[in-house]
Amino acid sequence: MEIVKNIRKNTILILMITMLVLVLVLKEDFASTVDTLKNMDYKYLVLAFLAYALSIILKGVISYKVVNEKDKYSLKESIKHNVIVQFFNGITPFSTGGQPMEVYMLKEHNIRISHATNFIMQNFIFYQIALVLFGLFAVSYNMKFHLFPDSPILRNLVLLGFIINSLVAVFLFIIAFSQKFTSFIIYHGINLFSKLKLIKDKEVTKERWKERIAEFHKSTKELKKRKLLAIEGILLNLLSLACFYIVPLFIVYSMHDFKSITAVDSLVTSAYVLIIGSFVPIPGASGGIEYGFLSFFHAFLSSGVTSAVLLVWRFITYYLPMIIGAIVFNFDEGSKKYANRNL
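Quick note on numbering: the numbering used here labels position 267 of the sequence shown as 263, and the sequence is numbered without any gaps.
Have a look at this one:
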């Protein structure tokens, strides 16, 4: 059972990294961190959770609008799918596990795989554009107001992450709208995999992909006609990211600190943290995310408070969504079929 094996393997890896991170985070200021956690105001934690939940709901709204198959696919189903996606993204490197699952779930709603793949691609393009725009805002804001102490390591990591995300956005545009380029990449990939003995019948595989590419690019042409959808998709993704990035502010408020950090500080700093985390090749970007969070938020908060905020933030935005996603996944018959068919 390949999928279940991978889930178990990655879950063990995540648990091991989590334990290591907990030791590293708590070892320097354990008493202060625990004391801070004990005296939290839970109503602000509720706001932090609601802000994150709203970011997931907005992702569901975007998927629903992109698919635009009201007779096959409801908004409720779209939101449920995005909850399940959090689980598969959380247990796979670079958050790559959610997209194949999402394609399969759309297929279960009688949406063709080629169309489902196209919808996922459109959605990802909108997300990447929003991510780059938010990153550009964060970098520009910090250059003007110098929120963080100058650190060559952090500066280079942020620059690398920003460049990678920008290149991904450009690459996606080229794949989506250039049939020749896409065919070139796919066919050369098939030739390479054939030489590596990973593909049995090269010509049959090429013919199959030829049909898929033609249908895929036929669908992407529709996106050019749906310019309003593209604008709406990017704006909703920006709003979803803003809800995600504002979570640390409410956590800091829950610790009775209303002065150390502003809403803009939270947005910019969270964007920096996620830029670094976007290229860490470990499920949940574990290790890199925590390092970035402690490094950047320490510019505003004391060590004990920063560690406490990190632990709560990581639970709300990573561990809890995975737990909820796993529960929803296990109660969703279509998702379980996907796992069973990959035994």
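Quick reminder that beta carbons are idealized off the backbone N, C-alpha and C, glycines included.
Just tell me which of Met15, Ala27, Tyr268 has its CA closest to the CA of Phe130.
For Phe130, the nearest C-alpha among the options comes from Tyr268.
Less than 7 Å between C-beta atoms, sequence neighbours within five positions excluded: which residues of the same chain meet that for Leu16?
In its chain, beyond the 5 residues on either side, no residue has a beta carbon closer than 7 Å to the beta carbon of Leu16.
Host alpha helix (DSSP H) of Val314 (start-end)
Per the sequence shown, the amino acid found at residue 314 is Tyr instead of Val. Tyr314 -> no alpha helix (DSSP H), and no H or E assigned at all.
In the structure shown, what three-state DSSP assignment does Tyr69 receive?
Tyr69 falls in the coil class under three-state DSSP.
Given a cut-off of 8 Å on the beta-carbon distance, is the pair Ile186 and Thr178 in contact?
Cβ distance not < 8 Å, so Ile186 and Thr178 don't count as in contact.
In whole angstroms, what is the alpha-carbon distance linking Leu54 and Leu237?
Distance between the alpha carbons of Leu54 and Leu237: 9 Å.
In three-state terms, what does DSSP make of Asn35?
Of the three classes helix, strand and coil, the one that applies to Asn35 here is coil, per DSSP.
Take the Cβ of Leu339 as the centre, count every other Cβ of all protein chains shown within 10 Å, and call the residue buried at 16 or more, exposed below.
Since pLDDT at Leu339 reaches only 40, below the 50 mark, its modelled position is unreliable, and the value read off the structure follows with that caveat. So Leu339 counts as exposed.
What span of residues does the alpha helix (DSSP H) with Thr265 cover, start to end?
Unbroken alpha helix (DSSP H) run through Thr265: 259 to 273.
Assigned secondary structure, Phe292 (DSSP; H/G/I helix, E/B strand, else coil):
In the structure shown, Phe292 adopts helical secondary structure according to DSSP, grouped into three states.
Just checking, does the segment 223 to 242 make contact with the segment 116 to 125 on the three C-beta pairs under 8 Å criterion?
With a cut-off of 8 Å on Cβ pairs, the segment 223 to 242 is in contact with the segment 116 to 125, counting three or more such pairs.
Would Lys342 and Val248 qualify as a contact pair, given that the criterion is a beta-carbon distance under 8 Å?
For the chain, the structure presents residues -3 to 339; residue 342 sits outside this window and is missing.
From this set, Ser110, Ile160, Leu306, Ala322, which residue's C-alpha is nearest Thr32's C-alpha?
Looking only at Ser110, Ile160, Leu306, Ala322, the smallest Cα-Cα distance to Thr32 is reached by Leu306.
Residues near Gly94 in its chain [Cβ-Cβ closer than 7 Å; skip 5 each side]
Val81, Phe84, Asn85.
Compute the Euclidean distance between the alpha carbons of His142 and Phe296, then round it to the nearest angstrom.
Straight-line Cα distance between these residues: approximately 12 Å.
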